[in-house]
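Student: Just passing along the structure, written as structure tokens.
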Amino acid sequence: MSHQIIQDRREFLKASIMAFGGAIMLPSCLRNYTPFLFFTADEALLLTAICEQIIPADENGPGATQAGVIYYIDKQLYEVFTWEQDKYRLGLTAINESSLELFSANFDMLPTDKQLLFLKKMEGNELPDSYWKDNSASGFFRTIIQHTMQGFYGPPRHGGNKNYISYKMINLDYPYVVGRNLYE
Amino acid sequence: MSNKHVKAIIIGAGAGGGCIAKELAGAGFSVVLLERGGWPVYDEYINDELISQRTQVLRPAFGPDPEKNPRVFIHPDGTRQVTNSLSGAIHHHIAACVGSGTVSYGAMAWRFMPEDFKMRSTYGEVPGAALEDWPISYNELEPFYQQAEWELGVAGDDSENPYAPPRKKPYPMPAFEQNVDGELLSAAARRLGLHPFPIPMLRNSVPYLNRPACIRNRTCVGYQCPVDAKNGTQNTVIPVAMSTGNCEVRTHCQVAEILSSENGKVKGVRYFDENNREQTQTADLVVVAGSASETARLLLNSKTRLFPNGLGNNYDLVGRFFQGHAYTGAFGLFDYEVKTYTGPGATFGLCDFNHHVEGMIGGGLLANEFNRMPYLFSQTRPPGAARWGKEHKAFQAKNFKKMAELHGPIQEMPMYENRVTVDDTVRDFWGIPVAAITGQRHPLDHENCKYLSARAEEILKEAGAIQTWQSVGGRGSVGGFQHQCGTTRMGNDPKTSVTDKYGRVHDIDNLFIADGSLMVTGGGFNPVLTINALGFWVGKNIVERM
Ligand SMILES: Cc1cc2nc3c(=O)[nH]c(=O)nc-3n(C[C@H](O)[C@H](O)[C@H](O)COP(=O)(O)OP(=O)(O)OC[C@H]3O[C@@H](n4cnc5c(N)ncnc54)[C@H](O)[C@@H]3O)c2cc1C
Numbered sequence: 011m012s013h014q015i016i017q018d019r020r021e022f023l024k025a026s027i028m029a030f031g032g033a034i035m036l037p038s039c040l041r042n043y044t045p046f047l048f049f050t051a052d053e054a055l056l057l058t059a060i061c062e063q064i065i066p067a068d069e070n071g072p073g074a075t076q077a078g079v080i081y082y083i084d085k086q087l088y089e090v091f092t093w094e095q096d097k098y099r100l101g102l103t104a105i106n107e108s109s110l111e112l113f114s115a116n117f118d119m120l121p122t123d124k125q126l127l128f129l130k131k132m133e134g135n136e137l138p139d140s141y142w143k144d145n146s147a148s149g150f151f152r153t154i155i156q157h158t159m160q161g162f163y164g165p166p167r168h169g170g171n172k173n174y175i176s177y178k179m180i181n182l183d184y185p186y187v188v189g190r191n192l193y194e
Numbered sequence: 006m007s008n009k010h011v012k013a014i015i016i017g018a019g020a021g022g023g024c025i026a027k028e029l030a031g032a033g034f035s036v037v038l039l040e041r042g043g044w045p046v047y048d049e050y051i052n053d054e055l056i057s058q059r060t061q062v063l064r065p066a067f068g069p070d071p072e073k074n075p076r077v078f079i080h081p082d083g084t085r086q087v088t089n090s091l092s093g094a095i096h097h098h099i100a101a102c103v104g105s106g107t108v109s110y111g112a113m114a115w116r117f118m119p120e121d122f123k124m125r126s127t128y129g130e131v132p133g134a135a136l137e138d139w140p141i142s143y144n145e146l147e148p149f150y151q152q153a154e155w156e157l158g159v160a161g162d163d164s165e166n167p168y169a170p171p172r173k174k175p176y177p178m179p180a181f182e183q184n185v186d187g188e189l190l191s192a193a194a195r196r197l198g199l200h201p202f203p204i205p206m207l208r209n210s211v212p213y214l215n216r217p218a219c220i221r222n223r224t225c226v227g228y229q230c231p232v233d234a235k236n237g238t239q240n241t242v243i244p245v246a247m248s249t250g251n252c253e254v255r256t257h258c259q260v261a262e263i264l265s266s267e268n269g270k271v272k273g274v275r276y277f278d279e280n281n282r283e284q285t286q287t288a289d290l291v292v293v294a295g296s297a298s299e300t301a302r303l304l305l306n307s308k309t310r311l312f313p314n315g316l317g318n319n320y321d322l323v324g325r326f327f328q329g330h331a332y333t334g335a336f337g338l339f340d341y342e343v344k345t346y347t348g349p350g351a352t353f354g355l356c357d358f359n360h361h362v363e364g365m366i367g368g369g370l371l372a373n374e375f376n377r378m379p380y381l382f383s384q385t386r387p388p389g390a391a392r393w394g395k396e397h398k399a400f401q402a403k404n405f406k407k408m409a410e411l412h413g414p415i416q417e418m419p420m421y422e423n424r425v426t427v428d429d430t431v432r433d434f435w436g437i438p439v440a441a442i443t444g445q446r447h448p449l450d451h452e453n454c455k456y457l458s459a460r461a462e463e464i465l466k467e468a469g470a471i472q473t474w475q476s477v478g479g480r481g482s483v484g485g486f487q488h489q490c491g492t493t494r495m496g497n498d499p500k501t502s503v504t505d506k507y508g509r510v511h512d513i514d515n516l517f518i519a520d521g522s523l524m525v526t527g528g529g530f531n532p533v534l535t536i537n538a539l540g541f542w543v544g545k546n547i548v549e550r551m
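In order, the protein sequence lines correspond to chains A and B. If you use this note's numbering, the first sequence corresponds to residues 11 to 194, in order. If you use this note's numbering, the second sequence corresponds to residues 6 to 551, in order.
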């Protein structure tokens with residue numbers, strides 16, 4: 011994968027996650043504004059890249075990025091899963107550090123095959139121990155998988171599954187109109 | 006300001022509490038029904054998979070509030086984990102609102118079989134298990150099953166179930182139809198010589214008692230019904246109790262303690278009202294119906310001179326024999342669509358493996374399952390299948406409507422060591438010591454599950470599934486959770502049971518239990534109709550005796 015394509019993907023991720031926050035044109039006083047409640051822009055970019063590997067865009071339809079999964083996780087970490095905040099903050103840092111050590115680049119800058127290789131290592135707890143003293147790599151990965159699934163397959167009102175993207179994929183009729191669906 | 010003295014206080018407006026409220030109020034007793042939750046409001050959580058009583062990811066839609074109601078789970082190595090209602094099954098909660106689990110349940114309305122009341126005399130002693138006979142028989146409870154079926158409303162037809170317990174009156178409503186997977190799997194079961202039949206449901210197949218018929222809402226189990234066609238205590242017996250003018254339902258009232266007089270009788274309760282103010286309510290008699298875990302907690306938190314370890318607990322039995330069900334079954338993938346996602350999804354059951362199986366103690370029913378909505382489906386995969394990535398997504402895209410399953414609640418062996426205690430060091434929002442739950446299953450549970458999962462898989466294969474796999478339950482920690490029962494066992498001997506056969510706590514004339522706590526054994530069936538029947542049974546006996 012050429013450097014150009016990687017840059018494009020990063021731009022694409024950036025554009026997509028910003029677009030859903032509706033925060034493209036900003037007055038200068040809000041330059042540091044991000045559409046997120048919990049994540050920094052860099053954290054969001056990194057997590058978006060991970061989620062996109064967990065549910066990638068492919069011939070079956072759009073993936074986690076386009077479904078806005080990052081907004082689901084961000085919102086729930088802020089409102090509900092507050093006890094997971096540290097796990098994410100430390101874990102995302104540890105992912106970047108591990109990625110720099112193993113592949114000399116930030117995770118979201120890696121090509122797909124390297125990202126997958128990295129995540130398989132993470133799943134198997136095979137990332138450099140020194141960065142995972144307070145957090146289990148595989149445990150954190152399992153948490154991200156679960157949250158990604160919730161954001162992608164759960165109802166849109168919680169921030170993900172934008173426009174019922176996943177319902178469309180599985181051919182579950184939507185929006186759900188009580189008493190009407192399947193009876194027309 | 007003091008509350009007016011009443012004849013009876015009932016704690017908990019769930020399955021048992023709702024039924025006994027109607028029984029007592031209907032007989033002219035003045036009743037205060039205290040419920041820690043509020044009235045369920047449909048519009049708050051509409052068809053939301055992540056806020057339902059089934060998945061409970063962001064919130065249990067019908068309580069208890071995760072912030073105010075911690076508990077403790079004690080692991081086998083002694084570690085104490087503080088849990089809340091977002092921690093999953095390990096928190097062992099049902100719900101907390103008027104109606105409790107009966108608002109959002111799947112509404113399967115099973116009667117136990119006669120053997121379920123006589124586990125000890127049917128099977129003898131099982132090492133390590135505390136099997137006992139109930140002090141009442143199926144025949145004694147039969148009229149109360151019937152009352153529950155007619156007063157709450159059950160649709161069913163058991164004429165094709167050769168193992169159906171005897172009944173004096175048919176169901177009040179005709180049975181529901183089969184869905185596509187129900188049709189397919191029940192035909193396969195029949196070819197294997199089994200006896201499938203429509204699941205009896207606490208749901209209106211036709212308009213009944215002034216409420217409409219079911220619209221097959223796809224999000225049924227875990228949710229409140231949008232047209233009120235699912236019958237819980239909140240829309241049947243509790244409104245009837247209120248309409249007598251004798252029953253006041255006080256919501257958002259957390260009972261902290263049962264108060265006693267010097268003579269050993271109880272005289273009322275201390276509770277926190279909706280504004281978290283401490284209140285006292287007195288009564289001639291008190292009925293506890295807080296669910297197996299909370300009922301035990303309340304008794305243990307109510308200590309007196311005569312009962313220094315908690316009411317009814319002089320033989321260290323309150324909270325013991327905590328149990329639920331082991332769930333087991335199998336999945337099958339078809340090469341065509343077998344799921345329509347019309348609600349609720351579960352349509353047929355079979356009782357061929359409840360008792361009468363050579364070498365098996367107890368056993369359980371099998372039924373096709375309630376709809377798995379997309380998130381829950383994403384957590385369901387054959388062994389070895391990808392848990393994330395392109396392959397995981399492809400499975401979801403391809404198989405969402407092609408997967409059928411058969412599962413069932415398997416009778417758990419009751420265990421002396423499996424129990425609810427109270428942890429003084431962990432307090433809830435109101436400062437009340439919380440329930441601490443501990444227990445591991447008996448090895449037999451897993452053996453029974455293996456047997457039933459294998460049978461379920463055979464049926465799926467016979468139905469033409471192109472891939473099948475078993476999900477075998479019955480291992481690890483105690484069942485409890487949504488089917489919890491057994492913490493104040495009824496019996497004839499005060500040394501081996503907490504209440505007598507009428508639900509009266511031994512040695513306390515005016516304290517009664519009327520919920521799942523009374524159950525001696527859990528049966529191989531979802532428990533609610535039995536709990537409703539027990540509520541009516543205890544109620545009728547109070548009316549006759551007090
Ligand atoms: C999603 C789901 C699906 C289910 N499906 C089925 C099914 O298909 N078939 C079936 O048979 N069963 C089903 N069940 C189980 C069924 O709902 C329970 O078995 C039943 O409700 C238990 O009855 P109970 O009276 O013992 O306790 P509950 O019904 O839980 O009632 C206890 C009530 O007491 C209140 N309470 C407790 N402590 C206090 C206190 N200190 N002060 C004030 N109030 C208090 C609680 O808030 C609660 O409302 C299901 C349950 C759930 C959650």
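The beta carbon of each residue, even a glycine, is placed where N, CA and C say it ideally should be. In this text the structure is predicted, and so the values were computed from the model without any measurement.
In whole angstroms, what separates the C-alpha of Val187 (chain A) from that of Arg59 (chain B)?
Tutor: Val187 (chain A) and Arg59 (chain B): Cα-Cα distance of roughly 20 Å.
Student: Looking at the unbroken alpha helix (DSSP H) that takes in Val533 (chain B), where does it start and where does it end?
Tutor: Note, Val533 (chain B): alpha helix (DSSP H), Val533 to Arg550.
Student: Indicate whether Arg125 (chain B) and Leu322 (chain B) have their beta-carbon atoms separated by less than 8 Å.
Tutor: No; because the gap between Cβ atoms is not below 8 Å, this pair is not in contact.
Student: Quick check on the burial criterion: 16 or more other C-beta atoms within 10 angstroms. Buried or exposed for Gly32 (chain A)?
Tutor: Note on Gly32 (chain A): pLDDT 45, under 50, position unreliable in the model; no value is reported.
Student: Should Glu156 (chain B) be counted as a contact of ligand 2 given a C-beta to heavy atom distance under 7 Å?
Tutor: As for ligand 2, it is missing from this structure, which binds only ligand 1.
Student: For Val79 (chain A), would you say it is in contact with chain B, using Cβ-to-Cβ distances shorter than 8 Å as the test?
Tutor: Judged by the 8 Å Cβ criterion, Val79 (chain A) is not in contact with chain B.
Student: Let me see if you follow: with CB-CB separation under 8 Å, is Asp96 (chain A) close to chain B or not?
Tutor: Output row for Asp96 (chain A): interface = no.
Student: With Pro148 (chain B) as the anchor, note down where its alpha helix (DSSP H) starts and where it stops.
Tutor: Tyr143 to Ala153 is the span of the alpha helix (DSSP H), which, as asked, contains Pro148 (chain B).
Student: Just checking my contact of Ala246 (chain B) with Val36 (chain B) at CB under 8 Å: how many whole Å lie between their CB atoms?
Tutor: Indeed, because the Cβ distance is near 7 Å, the residues count as touching under 8 Å.
Student: Just the Cα atoms here: how many angstroms apart are Pro45 (chain A) and Asp84 (chain A)?
Tutor: Each residue's alpha carbon lies about 10 Å from the other.
Student: Short of 7 Å in beta carbon distance, which residues of its chain neighbour Gly295 (chain B), apart from the five on each side in sequence? Order them along the chain.
Tutor: Around Gly295 (chain B): Ile16, Gly17, Leu303 and Asp520.
Student: Going by the C-beta, is Cys252 (chain B) closer than 7 Å to any heavy atom of ligand 1?
Tutor: No, Cβ of Cys252 (chain B) sits at least 7 Å from all heavy atoms of ligand 1.
Student: Taking 7 Å as the cut-off, is the CB of Gly317 (chain B) close to at least one heavy atom of ligand 1?
Tutor: No, since every heavy atom of ligand 1 falls outside the 7 Å radius drawn around the Cβ of Gly317 (chain B).
Student: Taking the alpha-carbon of Pro171 (chain B) as reference, which of B:Ala26, B:Leu146, B:Leu63 and B:Thr249 has the nearest alpha-carbon?
Tutor: Checked all of B:Ala26, B:Leu146, B:Leu63 and B:Thr249; the closest Cα to Pro171 (chain B) is B:Leu146.
Student: So which residues on chain B does Met132 (chain A) lean against when the C-beta distance must stay under 8 Å?
Tutor: Result: empty, since nearest Cβ-Cβ is about 11 Å, beyond 8 Å.
Student: By the criterion of Cβ-Cβ separation under 7 Å, what are the contact partners of Tyr163 (chain A) in chain B?
Tutor: Neighbours of Tyr163 (chain A) on chain B, chain order: Pro379, Tyr380 and Ser383.
Student: I need the straight-line Cα distance from Ile14 (chain B) to Arg216 (chain B), nearest angstrom please.
Tutor: About 29 Å.
Student: Name the chain A residues whose beta carbon is nearer than 8 Å to that of Glu137 (chain B)?
Tutor: Ordered by position in chain A, no residue passes the 8 Å Cβ test against Glu137 (chain B), which lies about 41 Å from the chain.
Student: DSSP on Ala20 (chain B), reduced to helix/strand/coil?
Tutor: Correct three-state label for Ala20 (chain B): helix.
Student: Return the chain-ordered ranges of every alpha helix (DSSP H) run that is complete within the region 419-506 of chain B and spans a minimum of 4 residues.
Tutor: Within the region 419-506 of chain B, the complete alpha helix (DSSP H) runs of at least 4 residues are 448-467.
Student: Within a Cβ cutoff of 6 Å, which residues of the same chain sit near Trp435 (chain B), ignoring the five residues on either side of it in sequence?
Tutor: Within the same chain, Trp435 (chain B) has close Cβ partners Gln259 and Phe277.
Student: Specify whether the region 323-340 of chain B and the region 463-474 of chain B touch according to this definition: at least 3 beta carbon pairs, one from each stretch, less than 8 Å apart.
Tutor: In short, these stretches touch, since the Cβ pair count reaches three.
Student: To the nearest angstrom, report how far apart Glu422 (chain B) and Arg64 (chain B) are at their CA atoms.
Tutor: Their backbone Cα atoms lie some 31 Å apart in a straight line.
Student: Using the Cβ count rule (16 or more neighbours within 10 Å means buried), how would you classify Pro81 (chain B)?
Tutor: By the 10 Å Cβ count, Pro81 (chain B) comes out exposed.
Student: Between Tyr332 (chain B) and ligand 1, is the CB less than 7 Å from at least one heavy atom?
Tutor: Tyr332 (chain B) Cβ: outside cutoff for every heavy atom of ligand 1.
Student: Would you say Gln401 (chain B) reaches chain A, if we count a Cβ-Cβ gap shorter than 8 Å as a contact?
Tutor: Gln401 (chain B) counts as touching chain A.
Student: Between Pro167 (chain B) and the rest of its own chain, which residues show a CB-CB distance below 7 Å, the 5 nearest in sequence each way excluded?
Tutor: Once the five neighbours on either side are set aside, the close Cβ partners of Pro167 (chain B) are His200.
Student: For the putative contact between Leu305 (chain B) and Gly324 (chain B), defined by C-beta atoms under 8 Å, what is the C-beta separation to the nearest angstrom?
Tutor: At roughly 6 Å, the Cβ-Cβ gap stays under 8 Å, so Leu305 (chain B) and Gly324 (chain B) are in contact.
Student: For the region 135-151 of chain B and the region 225-243 of chain B, state whether three or more C-beta atom pairs, one from each stretch, are separated by less than 8 Å.
Tutor: No, they do not touch.
Student: Label Asp186 (chain B) either buried or exposed according to how many other C-beta atoms from any shown protein chain fall within 10 Å of its C-beta, with 16 as the threshold for buried.
Tutor: Buried, since its Cβ has 16 or more Cβ neighbours within 10 Å.
Student: Between which two residues does the alpha helix (DSSP H) holding Ile513 (chain B) run?
Tutor: No alpha helix (DSSP H) holds Ile513 (chain B); DSSP gives it neither H nor E.
Student: In or out: Trp93 (chain A) buried (at least 16 other Cβ within 10 Å) or exposed?
Tutor: The residue is exposed, with fewer than 16 neighbouring Cβ atoms inside 10 Å.
Student: Looking at the secondary structure, which residues open and close the alpha helix (DSSP H) in which Ile243 (chain B) lies?
Tutor: Val242 to Ser248 is the span of the alpha helix (DSSP H), which, as asked, contains Ile243 (chain B).
Student: Could you tell me which of B:Glu410, B:Pro379, B:Gly528 and B:Ala441 sits nearest to Gly83 (chain B), measuring between CA atoms?
Tutor: Answer by Cα proximity: B:Ala441.
Student: Does ligand 1 have even one heavy atom less than 7 Å from the beta-carbon of Leu534 (chain B)?
Tutor: Leu534 (chain B) Cβ: within cutoff of ligand 1.
Student: Between the alpha carbons of Glu28 (chain B) and Val439 (chain B), how many angstroms are there, rounded?
Tutor: Answer to the nearest angstrom: the Cα atoms are 31 Å apart.
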